[in-house]
Structure formats: structure tokens, C-alpha cells
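Peer 1: Residue numbers (this note's numbering), protein chains in the order written: chain A, 17 to 99; chain B, 17 to 99; chain C, 82 to 225; chain D, 82 to 225. Ideal Cβ positions, reconstructed from N, Cα and C, are used throughout, including at glycine. Below is a structure I'd like to ask you about.
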């Protein structure tokens with residue numbers, strides 16, 4: 017049975033503009049960042065295909081299939097620009 | 017028959033130290049920088065083998081077999097160091 | 082040392098951290114806001130940085146460079162916020178005994194930074210709506 | 082622009098000549114006097130330059146770089162005279178739209194300068210007699 021987690025999600029750049037916020041606390045049953053992304057894509061109209069999008073959990077890059085825990089700070093990293 | 021030329025020869029770095037002067041006017045029958053070099057090597061004890069030594073005539077790199085003319089400013093360029 | 086900065090990058094200050102009497106070579110790269118990109122006239126730029134992760138990832142890149150190349154030190158900085166044409170967006174300085182490793186390491190660090198740091202760039206144009214761009218030029222990574 | 086200088090190289094002044102709103106990349110190389118060479122402790126250096134020919138040859142190298150690489154401009158300077166540890170012996174700055182050509186051109190210019198410019202270097206050591214050295218490290222080009 018999936019467990020409800022409390023997650024803190026931060027948004028940057030295009031995702032920040034699409035959600036209209038820099039961060040939010042979310043209660044979610046998502047087990048992985050991949051599942052969480054799908055939920056958010058449905059809610060905010062993010063692109064359904066997450067290819068090229070990376071995820072960071074607590075300031076470390078992780079796989080889209082990593083395990084989410086309550087209290088995690090999650091950031092989806094759309095393709096970057098650098099200098 | 018070889019013609020006597022008036023040449024102005026400048027010395028830099030190790031050659032300046034070996035000759036004890038920065039420049040001199042020379043009257044020479046040398047037809048080419050190669051011939052001139054041999055004369056100077058005999059006079060000042062420059063290395064007899066001129067491999068790796070280049071020559072400039074009037075501020076342009078030239079071959080050791082270029083033609084010397086009266087009034088030419090000749091500089092032998094020993095291996096360089098740069099920055 | 083790598084920092085994310087809200088204020089103009091002081092290249093003199095950064096350079097001063099790269100003084101070492103064993104250093105025969107100093108190579109630096111400065112990324113500046115240019116007035117054009119992919120055929121469009123750029124008016125200004127906005128950099129958004131996920132600071133915590135960017136700082137960690139930059140230090141990781143610097144450590145990689147020190148392992149891969151025979152260098153003495155690396156210092157860098159990346160701007161965030163609104164930048165005008167000519168402003169410095171990113172600065173990387175490397176010192177080494179010899180120039181070969183200094184060039185290679187500087188190139189390595191800026192290439193990795195462009196691909197790995199969580200930094201986003203919004204271009205404001207003279208004649209059309211602004212747009213978030215990625216460094217993967219021509220690869221169509223735009224989201225909208 | 083390339084100059085042979087009897088006084089310390091003012092890198093700020095040189096950099097200011099490389100301001101161009103089309104430039105997205107600035108790469109510079111600074112050759113500094115280091116405290117060691119081929120296992121010996123260096124105390125100071127003396128650079129002797131055949132100025133007329135050096136200036137001409139440097140401009141030729143700069144023109145070659147502009148032909149070979151997609152860059153906007155190159156500025157450089159080379160010191161002559163007596164230099165202490167840490168002093169700048171040579172400085173090359175390049176601007177371009179993109180960083181690839183800027184790095185390549187900067188590397189090209191300094192490599193060619195080291196091999197082609199009539200510049201000689203006498204190293205003064207802490208514990209032995211001074212010696213004229215060439216850039217062809219380890220190739221035994223010494224005359225004495």
C-alpha cells in the first residue's frame with residue numbers, strides 16, 4: 017500500500033512560471049520522482065514527456081526512479097543553459 | 017667575383033654576450049647569411065653548427081642562403097624562449 | 082572556490098585568489114552577455130540559479146578538473162539575476178605550472194558547468210517575446 | 082594589437098580593448114614567471130626581445146588566428162627586461178561569439194609566440210649560474 021508523504025517541491029525557470037510559484041508543500045502518494053512528475057504534469061500542464069528533465073532530492077541529483085521519503089525537498093531540473 | 021658589402025649586424029642574448037656588443041658594422045664578402053655566420057662563428061666562437069639558428073634580414077625572416085646586399089641589417093636568431 | 086553571485090562579478094578579486102609563485106600559466110574564461118543568439122537580437126538576460134545544488138555541483142566539477150589535469154587551483158563564479166549586454170555571466174580562472182593543463186582544465190570546467198549546473202537563462206529580445214533557452218543549441222530542448 | 086613592453090603589463094588596460102557587444106566569450110592567457118623550471122629554483126628572469134621583428138611576427142600570428150578561427154579580436158603583450166617571480170611575461174586575450182574558437186585561437190597565438198617570436202629568456206637561479214633557456218624544453222637547444 018502506498019504511503020502518503022509530505023514533500024517540499026521547488027520550481028525554477030519555466031516550471032516556476034507555469035506553476036506561478038517558487039515552491040509548495042505537497043501531500044503525495046508518489047513513490048518516485050517520476051510518479052510525482054506525472055502528477056504535477058497533469059496539474060500544471062508540464063510536458064508529459066520528461067525526457068531531458070533531471071531531478072534533485074535534497075540538493076543531490078537522483079534518478080527518476082529514486083525512492084521519495086516524507087520531508088524530501090524535490091526539484092525538477094529542466095534543460096539548463098549555464099553561462 | 018665576390019663583392020665587398022657593408023652590413024649592420026645586431027646581436028641578442030647569448031650571441032650578444034659572446035661578442036660583447038649589441039651591434040656592429042661589418043665589411044664582408046659573404047654572399048649569404050650562412051657564409052656570414054661561418055665568418056662570425058670563427059671570429060667569436062659561435063657554435064659551428066648553425067642548425068636551429070634562423071636569420072632575419074631587415075626585420076624579415078630569411079633563409080640562410082638568401083642574398084646579402086650592402087646596407088642590410090642582419091640578425092641571427094638563436095632558439096627562442098617566448099613567454 | 083566557486084560562488085553564485087547576485088552582484089556583478091569582480092574579476093580582479095577572483096584573480097587575486099589565483100596568485101601562486103609556482104604558477105607559470107593562468108588561463109581564464111569569461112562568458113559575457115552578447116547582443117545576439119541564433120539569429121535574434123538580444124536585449125538583456127535573466128539568470129535563475131538553484132543555488133544550493135549549483136554550488137555543490139560546481140565544486141564537484143572543480144574537483145574533477147583537479148584530478149584530471151596537472152593544475153594548481155581553480156576559481157569560478159556565476160551570476161544570477163538580470164544582466165545587460167556585456168555583463169559577465171560566468172568566470173573561470175585556472176592556474177598551473179604549464180599552459181597545456183591550464184587551458185584544458187579551464188575548457189573542461191566551463192563545458193561541464195554549461196551542461197550540469199542548474200542555471201536557466203531567459204532571453205529578452207528587441208522584437209519578440211522572451212524565452213527560456215538551453216545550452217543545447219539547436220537541439221530543441223525548449224518546453225514552450 | 083600587440084605590444085612589446087618595458088614596464089609591467091596592465092591587463093585591465095588590455096582587456097578594455099576587448100569590449101564588443103557581439104562577444105559572448107573572452108579567453109585570456111597570462112604567462113607568469115614561476116619559481117621553478119626543469120627542477121631548478123628560479124630567482125628571477127630577464128627577457129631580451131628583438132623588438133622590430135617581434136612586433137611584426139606577433140601581428141602576423143594574430144592575423145593567422147583571425148583567419149583560422151571565428152573570432153572577433155585578439156590583443157597581446159610581451160614584456161622585456163628584468164622580471165621577478167609572479168610578474169606577467171606575456172598576455173593574450175581573445176574575444177569571440179562562442180567559446181570554442183576563443184579557446185582555440187588563444188592557444189594558437191601563445192603557442193606560435195613561444196616558438197616564433199625573437200624573445201630570449203635568461204634564468205637566474207638561487208644556487209647556480211644564470212643560463213639562456215629556450216622554449217623547446219628538454220630538446221637541448223642551449224648554446225652554452
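Are the C-beta of residue 25(A) and some C-beta of chain C separated by less than 7 Å?
Peer 2: Not one chain C Cβ lies under 7 Å of residue 25(A).
Peer 1: Any contact of the segment 111-126 of chain D with the segment 205-213 of chain D, i.e. 3+ C-beta pairs under 8 Å?
Peer 2: Cβ pair count under 8 Å is three or more, so yes.
Peer 1: Using the Cα positions of residue 115(D) and residue 140(D), report the straight-line distance between them to the nearest angstrom.
Peer 2: Straight-line Cα distance between these residues: approximately 27 Å.
Peer 1: Would you mind reading off the limits of the beta strand (DSSP E) that contains residue 138(D)?
Peer 2: It is not in any beta strand (DSSP E) - residue 138(D) instead sits in the alpha helix (DSSP H) that spans 132-149.
Peer 1: Got a sec: which bits of the segment 124-158 of chain C sit with their beta carbon under 9 Å from any beta carbon on chain G, in order along the chain?
Peer 2: The question asks about chain G, but that chain is absent: this structure's protein chains are A, B, C and D.
Peer 1: The segment 93-115 of chain C: which residues have C-beta closer than 9 Å to a C-beta of chain D, in chain order?
Peer 2: Under the 9 Å Cβ criterion, the segment 93-115 of chain C contributes 93, 96, 100, 101, 102, 103, 104, 105, 106, 107, 108, 109, 110, 111, 112, 113, 114, 115.
Peer 1: If we call anything under 7 Å between Cβ atoms a contact, is residue 199(C) one with residue 131(C)?
Peer 2: Going by C-beta atoms, residue 199(C) is nearer than 7 Å to residue 131(C).
Peer 1: Can you have a look at residue 221(C) and say buried or exposed, based on whether 16 or more other CB atoms are within 10 angstroms of its CB?
Peer 2: Any reading at residue 221(C) must be qualified, since the residue scores a pLDDT of 37, below 50, and its modelled position is unreliable; no value is offered.
Peer 1: Distance check for residue 162(C) and residue 81(A), CA to CA, integer angstroms please.
Peer 2: For residue 81(A) and residue 162(C), the distance between alpha carbons rounds to 33 Å.
Peer 1: Could you tell me whether the Cβ atoms of residue 72(A) and residue 134(C) are closer together than 7 Å?
Peer 2: Yes, they are a contact pair.
Peer 1: With respect to the alpha helix (DSSP H) encompassing residue 184(D), which residues constitute its N-terminal and C-terminal limits?
Peer 2: Here the alpha helix (DSSP H) through residue 184(D) covers 180-197.
Peer 1: Does the beta-carbon of residue 182(C) have 16 or more other beta-carbons within 10 angstroms, so that it is buried, or is it exposed?
Peer 2: With 16 or more other Cβ atoms within 10 Å, it is buried.
Peer 1: Between residue 150(D) and residue 96(D), is the Cβ-Cβ spacing less than 7 Å?
Peer 2: No; because the gap between Cβ atoms is not below 7 Å, this pair is not in contact.
Peer 1: Determine, using beta carbons only, whether residue 200(C) comes closer than 7 Å to chain A.
Peer 2: Closer than 7 Å: yes.
Peer 1: Could you work out which residue in 60(B), 21(B), 32(B), 75(B) is closest to residue 46(B) when comparing CA atoms only?
Peer 2: When each option's Cα is compared against that of residue 46(B), the closest is 21(B).
Peer 1: Please work out which residues of its chain come closer than 6 Å, Cβ to Cβ, to residue 223(D), disregarding the five sequence neighbours upstream and downstream, and give them in chain order.
Peer 2: Its pLDDT being 41, under 50, residue 223(D) is placed unreliably by the model, and the measurement read from it follows with that caveat. Contacts found: none.
Peer 1: Between which two residues does the alpha helix (DSSP H) harbouring residue 31(B) extend?
Peer 2: First-last of the alpha helix (DSSP H) with residue 31(B): 29-35.
Peer 1: Across which residues does DSSP place residue 116(C) in a beta bridge pair?
Peer 2: Bridge partners of residue 116(C): none, in fact.
Peer 1: Buried or exposed for residue 154(C), please, with buried defined as at least 16 other CB atoms from any protein chain shown within 10 angstroms of its CB.
Peer 2: With 16 or more other Cβ atoms within 10 Å, it is buried.
Peer 1: Hey, residue 60(B) and residue 34(B): beta-carbon distance below 7 Å or not?
Peer 2: A contact, by the Cβ cut-off of 7 Å.
Peer 1: My guess is that residue 25(A) and residue 94(A) are in contact by the Cβ rule of under 8 Å, so how many angstroms apart are they, rounded?
Peer 2: That belief does not hold up - the Cβ atoms of residue 25(A) and residue 94(A) are roughly 14 Å apart, past 8 Å.
Peer 1: Could you tell me which of 146(D), 191(D), 148(D), 145(D) sits nearest to residue 97(B), measuring between CA atoms?
Peer 2: The shortest Cα separation from residue 97(B) among 146(D), 191(D), 148(D), 145(D) belongs to 191(D).
Peer 1: What residues of chain B sit near residue 190(D), judged by a beta carbon separation below 9 Å?
Peer 2: The contacting residues do not exist; residue 190(D) stays about 11 Å from chain B at best.
Peer 1: Would you report the Cα separation of residue 204(D) and residue 194(C), rounded to the nearest angstrom?
Peer 2: C-alpha separation (whole angstroms): 39 Å.
Peer 1: Below 6 Å CB to CB, which residues in the same chain sit around residue 78(A) once its five sequence neighbours on both sides are set aside?
Peer 2: So the list reads 71, once near-sequence residues are dropped.
Peer 1: Would you grab the beta carbon distance between residue 256(C) and residue 160(C) for me? Rounded to a whole angstrom, and I think it's under 8 Å.
Peer 2: In the structure as shown, chain C starts at 82 and stops at 225, and residue 256(C) therefore has no counterpart that could be examined.
Peer 1: Give a yes or no on whether the minimum CB-CB distance between residue 194(C) and chain D is below 7 Å.
Peer 2: Cβ-Cβ to chain D under 7 Å: no for residue 194(C).
Peer 1: Kindly indicate which three-state DSSP category residue 75(B) falls into: helix, strand or coil?
Peer 2: If DSSP states are grouped into helix, strand and coil, residue 75(B) belongs with coil.
Peer 1: What residues in its chain sit with their C-beta under 6 Å from that of residue 57(A), if we drop five residues either side in the sequence?
Peer 2: The answer, listed in chain order, is 64.
Peer 1: Since residue 41(A) is in the beta strand (DSSP E), which residue starts that stretch and which ends it?
Peer 2: First-last of the beta strand (DSSP E) with residue 41(A): 39-44.
Peer 1: Who pairs with residue 109(D) in a beta bridge, going by DSSP?
Peer 2: Answer by DSSP bridge pairing, in chain order: 109(C), 174(D).
Peer 1: Quick one: using the 10 Å Cβ neighbour count with 16 as the cut-off for buried, is residue 84(A) buried or exposed?
Peer 2: The residue is buried, with at least 16 neighbouring Cβ atoms inside 10 Å.
Peer 1: Using beta-carbon positions only, say whether residue 156(D) and residue 98(D) come within less than 7 Å of one another.
Peer 2: Yes. Within cutoff.
Peer 1: Between which residues of its own chain and residue 175(D) is the CB-CB distance below 6 Å, once the five residues before and five after are set aside?
Peer 2: The answer, listed in chain order, is 108, 152, 155, 183, 186, 187.
Peer 1: Quick one: which chain C residues come within Cβ less than 7 Å of residue 83(D)?
Peer 2: Going along chain C, no residue has its Cβ under 7 Å from residue 83(D), so there is no contact; the nearest lies around 18 Å.
Peer 1: With DSSP as the reference, identify every bridge partner of residue 97(D), one or two as the case may be.
Peer 2: BP columns for residue 97(D) are empty, so no partner.
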